[in-house]
Amino acid sequence: MHRTSPSNEHLLKQSTPPINYLTPQQYTPSPLQQQQPQIPQRGIMRPTSRQEAYATNEFSRELPRPQSTIPSMHSPRAQFQQMPPTFYPYSPQISLPKTASSRIEAPIIDRRSIIRRKVPGPLLLGLSALQIIIGIVTLLIGAFNASTYKCMIEPNIPVYLIISGILLIASGVARIFFWLSSDSLTTGRRRGNNSGDGSHVCEYLIEGSILFCIVVIVILGCFWVYGASRYMQNQRYMFEWHYCNPTVYWTAWWSVTLHLAFFALLFLAVVILLVYGALLG
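The sequence shown begins at 320 in my numbering and counts up one residue at a time.
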């Protein structure tokens with residue numbers, strides 16, 4: 320039996336406990352490490368640098384911050400501080416509802432004013448008076464030659480002259496009357512009297528009816544006058560069935576031709592106005 324000296328017995332004793340590497344060891348932090356703030360870890364994996372920065376930022380938010388009453392001009396919070404909403408006074412223009420009479424009279428007043436600015440009143444009155452004179456002459460020629468023997472090739476030519484003369488006279492008289500009465504109506508509206516608001520509807524109805532009748536009689540006159548032009552003769556006794564008084568026939572011919580020329584110019588003016596308005600729009 321081997322004996323050892325008592326002075327060497329402490330060397331034979333095991334100073335450190337055996338470590339089992341197969342089982343996890345319980346780690347106890349030191350008191351100094353316990354005083355330091357612990358960074359919270361997310362999950363089992365070790366946090367990356369971005370996660371550590373995020374955890375540090377979360378931890379720094381939980382710490383109390385000193386409240387400053389005077390914000391710094393260079394701080395990002397002062398630069399992006401939300402300004403209070405600004406309310407501007409808004410007063411919309413309230414338009415009163417227009418009545419039917421005001422809708423009707425507004426374009427008529429504008430049309431009258433435009434015509435008076437572009438064309439002087441005496442010129443329009445003179446043209447209307449000339450139209451009345453032409454209508455009277457046409458009516459008289461047709462009335463004095465209304466017999467069948469005056470125009471046997473087409474007895475309706477004197478009828479055309481009579482009807483067209485009456486319509487020309489009615490159109491000229493109506494235009495002069497409405498033109499003169501428009502001054503009194505405009506003055507009454509300025510004074511607050513709206514008694515003549517419905518007269519413009521009447522005016523357009525009368526003028527439209529007369530114009531429609533003129534168009535119809537001119538279309539009939541084209542068949543009567545131009546249809547008889549090939550067979551019309553001035554010698555009564557030699558060509559009795561093809562005879563027509565030259566004054567009656569040529570008056571009707573010029574009347575139909577001038578009406579057609581007027582309608583063509585009117586249609587051309589309407590087309591030009593529509594094209595001009597479309598280009599402006």
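Built from N, CA and C at the ideal position, the CB exists for glycine as well.
- [ ] Assuming His578 and Val535 form a contact by the criterion Cβ under 8 Å, report the distance between their Cβ atoms to the nearest whole angstrom.
- [x] In the sequence shown, residue 578 corresponds to position 259, counting from 1. In the sequence shown, residue 535 corresponds to position 216, counting from 1. About 11 Å separates the two Cβ atoms, so there is no contact after all.
TODO: Give the straight-line distance between the Cα atoms of Gly484 and Phe463, rounded to the nearest whole angstrom.
DONE: One-based indexing of the sequence shown puts residue 484 at position 165. One-based indexing of the sequence shown puts residue 463 at position 144. Taking the straight line joining both Cα atoms gives about 13 Å.
Task: Simplified DSSP state of Tyr568, which is helix, strand or coil - done: Locating residue 568 in the sequence shown gives position 249, where the first residue counts as 1. Helix.
Task: Rounded separation between Ile427 and Gly527 - CA only - done: Position 108 of the sequence shown, counted from the start, is the residue given in the question as residue 427. Position 208 of the sequence shown, counted from the start, is the residue given in the question as residue 527. With a pLDDT of 44 at Ile427, under the threshold of 50, the modelled position of that residue is not reliable, and the figure given next carries that caveat. Straight-line Cα distance between these residues: approximately 14 Å.
Task: From Trp573, Val544, Glu559, residue whose alpha carbon lies closest to that of Asn475 - done: Start at 1 with the first residue of the sequence shown, and residue 475 comes out as number 156. Taking each of Trp573, Val544, Glu559 in turn and checking the Cα distance to Asn475, the smallest one comes out for Val544.
Open item on the list: Taking the alpha-carbon of Tyr479 as reference, which of Leu446, Leu459, Ser501 has the nearest alpha-carbon?
Closed with: The count along the sequence shown starts at 1 and reaches residue 479 at position 160. Check the Cα spacing between Tyr479 and each of Leu446, Leu459, Ser501: the tightest is with Leu459.
TODO: Hey, could you find the ends of the alpha helix (DSSP H) Ala448 is sitting in?
DONE: Along the sequence shown, one-based indexing puts residue 448 at 129. Per DSSP, Ala448 belongs to the alpha helix (DSSP H) from 440-463.
Task: Buried versus exposed, by CB contacts within 10 Å (16 or more), Glu559 - done: Reading the sequence shown from its first residue, position 240 is the one you call residue 559. By the neighbour-count rule (16 or more Cβ atoms within 10 Å), Glu559 is not buried but exposed.
- [ ] For Tyr562, name the three-state secondary structure that DSSP assigns.
- [x] Indexing the sequence shown from 1 puts residue 562 at position 243. Per DSSP, reduced to three states, the secondary structure at Tyr562 is strand.
TODO: Please confirm whether Tyr562 and Gln552 have their CB atoms less than 8 Å apart.
DONE: Counted from its first residue, the sequence shown places residue 562 at position 243. Counted from its first residue, the sequence shown places residue 552 at position 233. Yes; because the gap between Cβ atoms is below 8 Å, this pair is in contact.
Open item on the list: Here's the rule I'm using: 16 or more other beta-carbon atoms within 10 Å means buried, otherwise exposed. How should Pro477 be labelled?
Closed with: The residue you call residue 477 lines up with position 158 of the sequence shown. Flag for Pro477 reads buried.
Task: Exposed unless 16 or more other CB atoms sit within 10 angstroms - verdict on Ala580 - done: Translated into the one-based positions of the sequence shown, residue 580 becomes position 261. Here Ala580 is exposed: its Cβ has fewer than 16 other Cβ atoms, across all protein chains shown, within 10 Å.
TODO: Determine which residues share a DSSP beta bridge with Gln354 and list them.
DONE: Along the sequence shown, read from residue 1 onward, the residue named residue 354 stands at position 35. BP columns for Gln354 are empty, so no partner.
- [ ] Could you tell me the distance, in whole angstroms, from the CA atom of Thr601 to the CA atom of Leu599?
- [x] Limits of the chain in this structure are 320 at one end and 600 at the other, which puts residue 601 out of reach.
TODO: Please report how far the alpha carbon of Ile525 lies from the alpha carbon of Gln554, in whole angstroms.
DONE: Taking the first residue of the sequence shown as 1, we reach residue 525 at position 206. Taking the first residue of the sequence shown as 1, we reach residue 554 at position 235. When rounded, the distance between both Cα atoms is 43 Å.
TODO: Measure the C-alpha to C-alpha separation of Thr542 and Trp498 and round it to an integer number of angstroms.
DONE: Residue mapping note: residue 542 aligns to position 223 of the sequence shown, counting from 1. Residue mapping note: residue 498 aligns to position 179 of the sequence shown, counting from 1. Reading off the sequence, residue 542 comes out as Phe, not Thr. Cα-Cα distance, rounded: 35 Å.
Open item on the list: Using the Cβ count rule (16 or more neighbours within 10 Å means buried), how would you classify Arg549?
Closed with: Along the sequence shown, one-based indexing puts residue 549 at 230. It is exposed - the Cβ of Arg549 has fewer than 16 other Cβ atoms within 10 Å.
TODO: Quick one: measure Cβ to Cβ for Ile488 and Ile451, integer angstroms, because I've assumed they're closer than 8 Å.
DONE: The residue labelled residue 488 in the question sits at position 169 within the sequence shown. The residue labelled residue 451 in the question sits at position 132 within the sequence shown. Going by Cβ atoms, the distance from Ile488 to Ile451 rounds to 5 Å, so yes, they are a contact pair.
TODO: Could you pull out every residue in the same chain whose Cβ sits closer than 6 Å to the Cβ of Val589, ignoring the five residues on either side in sequence?
DONE: Translated into positions along the sequence shown, residue 589 becomes position 270. So no residue of the chain qualifies.
TODO: Check the C-beta distance from Ala493 over to Ile529 and give it rounded, since I have them as a contact under 8 Å.
DONE: Stepping through the sequence shown from its first residue, residue 493 is reached at position 174. Stepping through the sequence shown from its first residue, residue 529 is reached at position 210. Confirmed, Cβ separation roughly 7 Å.
Open item on the list: For Leu486 and Pro441, I'd like the C-alpha separation in whole angstroms.
Closed with: The count along the sequence shown starts at 1 and reaches residue 486 at position 167. The count along the sequence shown starts at 1 and reaches residue 441 at position 122. Cα-Cα distance, rounded: 22 Å.
Open item on the list: Distance check for Asn564 and Ile472, CA to CA, integer angstroms please.
Closed with: Here residue 472 refers to the residue found at position 153 when the sequence shown is read from its first residue. Here residue 564 refers to the residue found at position 245 when the sequence shown is read from its first residue. Distance between the alpha carbons of Ile472 and Asn564 is about 10 Å.
- [ ] Report the partner residues of Gln552 according to the DSSP bridge assignment.
- [x] Taking the sequence shown and counting its residues from 1, the one referred to as residue 552 is at position 233. Note: Gln552 sits in a beta bridge opposite Tyr562.
Task: Residues bridged to Cys470 [DSSP beta-bridge criterion] - done: Residue numbering aside, residue 470 sits at position 151 when the sequence shown is read from its first letter. Note: Cys470 sits in a beta bridge opposite Cys563.
Open item on the list: Can you find the residues in the same chain that come closer than 6 Å, C-beta to C-beta, to Ile467, ignoring five residues on each side of it along the sequence?
Closed with: As a working mapping, residue 467 is identified with position 148 in the sequence shown. The sequence shown places Thr at residue 467, not Ile. Cβ within range, chain order: Pro474.
Open item on the list: According to DSSP, is Ser349 part of a helix, a strand, or is it coil?
Closed with: In the sequence shown, the residue the question calls residue 349 occupies position 30. If DSSP states are grouped into helix, strand and coil, Ser349 belongs with coil.
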